[in-house]
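In what follows, a structure is listed as structure tokens, so that the remarks can point back to it.
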Amino acid sequence: MLTPVEMTGPLDAAAQAHLLVLVGQTRDRQAFAQLFKHFAPRLKAFHLRANVSDTAAEELAQETMLLLWRKADSFDPTRAGVATWVFTITRNLRIDHARRQRGIVPQDWAEEDTSPSAEVLSLEAERAERMRCALAGLSAEQRRVIELSFFTETPHAGIATMLNLPLGTVKSRIRLALARLRDLLGTES
Amino acid sequence: MSIQHHPNDDTLLRFSTGGLNAGLTLVTQAHMHICTQCRDRVAAFEAVGGALLDEQPAAALAPAAFAQVLSRLDERPAAAPAPRAPRQANLHLAPDTALPSVLAACDIGRWLWFGKGIRYSPVRLPWAPEANVMLLRVAANCAVYPHTHAEHELTLILRGGYSDCTGQYGPGDMAEADADILHQPHADDEGCLCLAALEGTMRLDGWLGKWQRRLGPYLGLY
Ligand SMILES: [Zn+2]
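Chains as they are written, first to last, in this note's numbering: chain A, 9 to 197; chain B, 81 to 302.
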């Protein structure tokens, strides 16, 4: 039986893209196993931080990996990094999951076209690395509000409660963190 | 079309994280379809999400997790139930006015009168029936009574335009309002057609009352 391959360290962005293209083009299960080994535990951790139950986090991680397999042939390495692509899949699954719990038929995400412009596309290859550097360049406080924005459903009010800070402080801290990120990434406003 | 007003970074960040409610998300998507700048901004925020995901420490999976996923790889995805055809009233728009494509699956009600020069048409999202979305039409040169907003609101100009103390808004522009803003929009010579969404969820029984309170100021306009 196929098992996730033992690896020495996390996959870097180039290796992730190589493996995902293999899955898309040749349905390579060994490549899928490596991606599973890297992403599935991180996906679960990601959802656990957003306060979903262990069962739901496990389910979201597995469903995301299944969608990664099914959608791999639509992955275009010039458009987005693999981690970013996986993030958007799992984010949409989390939204659907919340809606299903309320008995609502989820949205058809396929209709969405939010591809970045040509200038940005040419930068995609380096983006993962630049993003990592930019995040590392934030102060601990700034990084915390940005992380919490990704891990809580109601960013402002939720973050304010969690950090025991006034809402206004949280809002201005997010604004500052985003301005700093933009500086670090060198994008025009 | 030259877009001058965009959703702010904070709104785009919440859109990117999935933390924006369905109505505000819909209006943001409609703007993004015609705005490369905001698509780029969202792509950057999604890359932040990707970087955070990639940096997570590995959590322990269920022992059979990989085997379970592997056994499902050849499974055919369950066919999605055929979507119900949306109910869309004829709004008698000018022939060259196209509604944003994100509205294709939504129910769109007929125009309802709401004071001199103002009509609105409720929009219902099948995947978020509680969302507060509407099309809003303001007649040429009508001024709206000065008002503030209790909650976060996004308004995308589809046709025509208006001005207020925060600037001039034309097709493609996104007006963003919250409690900090007191303004008196004045529609231009062509009038103004907008798509608007409001923060918060409401039950059906409270819905009209809520809009009445919100639109109340419009009633005094001449
Ligand atoms: Zn924009």
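C-beta atoms are modelled at their ideal positions from N, C-alpha and C, and glycine is treated no differently.
Chain B residues whose Cβ lies nearer than 8 Å to that of residue i
i: S157 of chain A; result: L93, R94, T97 and G99
i: G89 of chain A; result: A127 and G130
i: F44 of chain A; result: F146 and V149
i: L193 of chain A; result: A124
Below-7 Å beta-carbon distance, residue i vs any chain A residue
i: P87 of chain B; result: no
i: A144 of chain B; result: no
i: D268 of chain B; result: no
i: D134 of chain B; result: yes
i: L141 of chain B; result: yes
i: Y242 of chain B; result: no
Residues that residue i contacts on chain A, provided the C-beta gap is smaller than 8 Å
i: Q303 of chain B; result: Residue coverage of chain B in this structure runs from 81 to 302, which leaves residue 303 of chain B outside it and unanswerable.
i: D90 of chain B; result: K179, I182, R183 and L186
i: P157 of chain B; result: R78
7 Å Cβ cutoff, residue i in contact with chain B
i: E204 of chain A; result: This structure does not reach residue 204 of chain A, given that chain A is present from 9 up to 197, and the question cannot be answered.
i: L129 of chain A; result: Bear in mind that the predicted position of L129 of chain A carries a pLDDT of just 48, short of 50, making it unreliable; the figure below should be weighed with that in mind. Not an interface residue.
i: R140 of chain A; result: yes
i: R30 of chain A; result: Residue 30 of chain A is actually Leu in this sequence, not Arg. It does not; no Cβ of chain B falls within 7 Å.
Chain-ordered neighbours of residue i on chain B, where CB pairs are closer than 9 Å
i: V94 of chain A; result: G130, L133 and D134
i: R152 of chain A; result: Result: empty, since nearest Cβ-Cβ is about 12 Å, beyond 9 Å.
i: T143 of chain A; result: Sequence check: residue 143 of chain A is Leu here, not Thr. Going along chain B in sequence order, the residues near L143 of chain A (Cβ under 9 Å) are V128, A131, L132 and E135.
Neighbouring residues, chain A, relative to residue i (Cβ below 9 Å)
i: R217 of chain B; result: What R217 of chain B touches in chain A: nothing, since even the nearest Cβ is about 26 Å away.
i: P137 of chain B; result: P49, R50 and A53
Residues that DSSP places opposite residue i in a beta bridge
i: A218 of chain A; result: In the structure as shown, chain A starts at 9 and stops at 197, and residue 218 of chain A therefore has no counterpart that could be examined.
i: H266 of chain B; result: B:A223 and B:S243
i: C272 of chain B; result: B:V218 and B:G240
i: E256 of chain B; result: B:L234
i: Q168 of chain B; result: B:I188
i: L278 of chain B; result: B:N212 and B:E233
i: Q248 of chain B; result: B:S243
Where residue i meets chain A, residues with beta-carbon distance less than 7 Å
i: R152 of chain B; result: L74
Neighbour list for residue i in chain B, Cβ cutoff strictly below 7 Å
i: L56 of chain A; result: A139
i: I103 of chain A; result: G98
Query - Ranges of the beta strand (DSSP E) found wholly within the region 176-215 of chain B, counting only runs of at least 3 - result: Whole beta strand (DSSP E) segments, 3+ residues: 198-205.
Query raised in the report: Counting pairs of Cβ atoms below 8 Å between the region 267-279 of chain B and the region 236-250 of chain B, do you hit three or more?
Result: The region 267-279 of chain B is in contact with the region 236-250 of chain B.
Report task. Check whether the region 79-94 of chain A touches the region 18-27 of chain A, counting contact only when three or more Cβ pairs, one atom from each stretch, lie closer than 8 Å. Result -> Judged by Cβ distances under 8 Å, the region 79-94 of chain A makes contact with the region 18-27 of chain A, as three or more pairs qualify.
Query raised in the report: Does the region 121-140 of chain B touch the region 177-196 of chain B, meaning 3 or more C-beta pairs lie closer than 8 Å?
Result: Look at the beta carbons and you see the region 177-196 of chain B not touching the region 121-140 of chain B: under three pairs across the two are nearer than 8 Å.
Query raised in the report: Between the region 65-72 of chain A and the region 48-55 of chain A, do at least 3 Cβ pairs fall closer than 8 Å?
Result: A contact exists between the region 65-72 of chain A and the region 48-55 of chain A.
Report task. Could you tell me whether the region 106-115 of chain B touches the region 173-183 of chain A, where touching means 3 or more Cβ pairs closer than 8 Å? Result -> With a cut-off of 8 Å, the region 173-183 of chain A and the region 106-115 of chain B do not count as touching, because too few Cβ pairs lie within range.
Requested in this report: Can you check the region 49-92 of chain A for any beta strand (DSSP E) of at least 3 residues that lies completely inside it and give the ranges in chain order?
Outcome: Listed in chain order, the beta strand (DSSP E) runs fully inside the region 49-92 of chain A amount to none, counting runs of at least 3 residues.
Query raised in the report: Counting Cβ pairs closer than 8 Å, one from the region 210-218 of chain B and one from the region 148-159 of chain B, do we hit at least three?
Result: Verdict: no, contact absent.
Query - Those runs of the alpha helix (DSSP H) which lie wholly inside the region 130-159 of chain B and span at least 4 residues - result: Within the region 130-159 of chain B, the complete alpha helix (DSSP H) runs of at least 4 residues are 145-152.
Query raised in the report: Is the region 100-114 of chain A close to the region 198-209 of chain B, with three or more CB pairs under 8 Å?
Result: The region 100-114 of chain A, when compared against the region 198-209 of chain B, does touch it at the 8 Å Cβ threshold.
**Report entry** Touching by the beta-carbon criterion (3+ pairs, under 8 Å), the region 135-152 of chain A and the region 181-189 of chain A
**Finding:** Using a C-beta cut-off of 8 Å, the region 135-152 of chain A makes contact with the region 181-189 of chain A, since at least three inter-stretch Cβ pairs fall below that distance.
Query - At least three beta-carbon pairs within less than 8 Å, the region 89-100 of chain A to the region 128-141 of chain B - result: In short, these stretches touch, since the Cβ pair count reaches three.
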